[in-house]
Every structure is written in C-alpha cells, then in structure tokens.
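*Asks:* Before I ask anything, here is the structure I am working with.
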Amino acid sequence: MIICMDVGNTNIKYALFNGEKLVLSFRVATEHKKTSDEYGGQILSILGNNGIKISEIEGGIISSVVPQLDYTLERMCNTYLKIKPLMLIPGLKTGLNLKVDNAKEVGADRVVNNVAAVKKYGAPLIIVDFGTATTFNVINDKCEFIGGVIAPGIKGSLDSLVNGTAKLPRVEIERPSSVIGKNTVTNMQSGIVYGFAGLVEYIVKKIKRELKAENVVTIATGGFSEIIAKEISCIDYVDKLLTLEGLRYLYELNTEA
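In the working numbering, each number is its position in the sequence shown, counted from 1, plus 1112.
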C-alpha cells in the first residue's frame, strides 16, 4: 500500500492505494505552523480510525505547492509512517514534455494533473482545476503541455468579496435556484457560481479556438468542479481524484525498477 499527498495552499489531500485500488482518501487543512509531530499525530489518528496499520504502508509520494511544508511532511513520513517519500521535484521522471518558457515555474499539482489526464483520457486535453486558484492546463495532440491560464479561485474570490465589504455575509458556495437572487445570500451565490461558470465556458471556448484541434476533451477536477460542471456544457468529465491518481502513477513510474 502507498500513500499519496497533494499539498495545496488550502488543503492537503491524502490517498492510500493498494495497487490501483483506492483504499482511503481524506483531506485536512494546510497549516504552515503545524509541526511534523502534529501532522503525524493527525494522520495516525485517521489511519487508526479506518483500521489501517502503519506496517501496511510501504511507500509514498508528495506533490507540494507549499515549500515551507516540504521538510515538515517528509520528516513526518520518516518518523511516523516509517517511509522515505518521493518528492515531486525537477528530475523526477514524469514522461511529460513541458513546451513552456520556463518549466521550473509550472506547479507540481499542474504537472501531476497533466500526467494523470493524458494517461486516463488521451490527448488533446484541457484540464480545469478548481483549487485555491482556478487553473487551465492545455495538452496538445502530441501529449505536450503547451501552457494554460491561471484565474482567481472560487473560495478566494468569495473571501475577497466578504472581507472587502462591511455588510456582505459569508455564504455557502452552492447553486441558487435562479440567476436572479431574491436576497443577499442568493445574490452572492449567483454571482459566484454562475460567474465562474461563465468564466470557464468562455476561456475553454477561446482555448479550443487557439488549439485548432478536433475532439478536445475537457476534464474538471478540484473541490468545486461538480458545482460548476453542472452549469456548463463544455466539461466532458469530472474527476475529483485526478491529482491523487496521478501521484500513484508517478510513484509506480519512478519505482518500477
């Protein structure tokens, strides 16, 4: 069994795989000041509650966009899980050709999503990840990552709206019954959900036009992917485990010898 960790700015997503079978997945808040002992105690508690023994975990891999936590989580794996995890850093074999100005600028999460999507769905592709930022990754028909788009994230946009105004409340991000809101809450929900649906639909349309390729498949992943995908026709598949499955594949690719 292996453990995969996707460290994002808002959450850390964990998954345990036995071969290709997903055994357990869960997420915790990303906390920069938390120590390796605190993360270790947290994960031991979750694993214990699900009947998983530490001795069953034989390896792991970490993808991180939060460099401050790299050493913390690596030490946590060494101390509490008794493994030395692979870190998704330059030099790790991915099989992905990055046709961009500076490959080192591409976030680890985007690399993993690209690798997983090409393996599962082929190419050409557009991968839309609804994370702390909303990212669009573009894969051409040669399975090369040629660039993309980074837009504000849904939760961050709502936080900005609430924090920048005196009277607007914090609301749940969910689809209102109509685009015309009847109260403050549904007005805000309409702006967030339908606003981002429009953003995604327009950007995907523009990407397809520039890509000049037929049968471009569009994949949505991330926490709010299902909410937005229901409002637009340009999303072909919602795959919320895309990143974690990509990490499993990269672990196998780099340890198969």
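Where is the CB? At the ideal position from N, CA and C, for every residue including glycine.
Hey, out of Thr-1296, Ala-1141 and Val-1316, whose CA is closest to Val-1261's CA?
*Replies:* That would be Val-1316, whose Cα lies nearest to the Cα of Val-1261.
*Asks:* So Asn-1209 and Ala-1325 are in contact, right, with Cβ under 8 Å, and what is the actual spacing, rounded?
*Replies:* That pair is no contact at about 16 Å.
*Asks:* When burial is assigned at 16 or more other CB atoms within 10 Å of the CB, is Val-1328 buried or exposed?
*Replies:* So Val-1328 counts as buried.
*Asks:* Output the boundary residues of the beta strand (DSSP E) element that contains Phe-1129.
*Replies:* Unbroken beta strand (DSSP E) run through Phe-1129: 1123 to 1130.
*Asks:* Quick check: what's the CA-CA separation for Asn-1299 versus Tyr-1314?
*Replies:* Straight-line Cα distance between these residues: approximately 22 Å.
*Asks:* Buried or exposed: Gly-1131, going by 16 or more other Cβ atoms within 10 Å of its Cβ?
*Replies:* The residue is exposed, with fewer than 16 neighbouring Cβ atoms inside 10 Å.
*Asks:* Could you please give the first and the last residue of the uninterrupted alpha helix (DSSP H) stretch that includes Glu-1338?
*Replies:* Residues 1337 to 1341.
*Asks:* Please return the same chain residues whose Cβ sits closer than 8 Å to the Cβ of His-1144, not counting the five positions on each side in sequence.
*Replies:* Excluding sequence neighbours, His-1144 sits near Val-1178, Gln-1180 and Leu-1181.
*Asks:* Within its chain, find whatever has a CB closer than 6 Å to the CB of Tyr-1151; leave out the 5 residues flanking it on each side and keep chain order.
*Replies:* Closer than 6 Å at Cβ, skipping near neighbours: Met-1188.
*Asks:* Does DSSP put Gly-1243 in a helix, a strand or coil?
*Replies:* Three-state DSSP puts Gly-1243 in coil, outside helix and strand.
*Asks:* May I have the straight-line CA-CA distance separating Gly-1358 from Lys-1294, to the nearest angstrom?
*Replies:* Their backbone Cα atoms lie some 43 Å apart in a straight line.
*Asks:* Quick one, which of Leu-1200, Ile-1258 and Glu-1364 has its alpha-carbon nearest Lys-1211's?
*Replies:* Taking only the C-alpha atoms, the option nearest Lys-1211 is Ile-1258.
*Asks:* Whether or not the segment 1165 to 1178 and the segment 1217 to 1231 are in contact is what I'm after, with contact meaning three or more pairs of Cβ atoms, one per stretch, closer than 8 Å; do they touch?
*Replies:* The segment 1217 to 1231 is in contact with the segment 1165 to 1178.
*Asks:* Check whether the Cβ atoms of Ala-1388 and Gly-1265 lie closer than 8 Å to each other.
*Replies:* Outside the shown range of the chain (1113 to 1369) lies residue 1388, about which nothing can therefore be said.
*Asks:* Mind the definition here: the segment 1200 to 1208 touches the segment 1338 to 1350 only if three or more C-beta pairs lie below 8 Å; say whether that holds.
*Replies:* In short, these stretches do not touch, since the Cβ pair count stays below three.
*Asks:* For Ile-1304, I'd like the list of residues in its chain whose CB is within less than 7 Å of its CB, leaving aside the five on either flank, ordered along the chain.
*Replies:* The answer, listed in chain order, is Ile-1266, Ser-1269, Leu-1270 and Ile-1285.
*Asks:* Thinking just about the alpha-carbon of each residue, which of Glu-1170, Glu-1364 and Val-1312 is nearest to the one in Ile-1347?
*Replies:* The residue with the shortest Cα to Cα distance from Ile-1347 is Val-1312.
*Asks:* By a C-beta neighbour count over all protein chains shown, 10 Å radius and 16 as the cutoff for buried, is Ala-1332 buried or exposed?
*Replies:* That one is buried.
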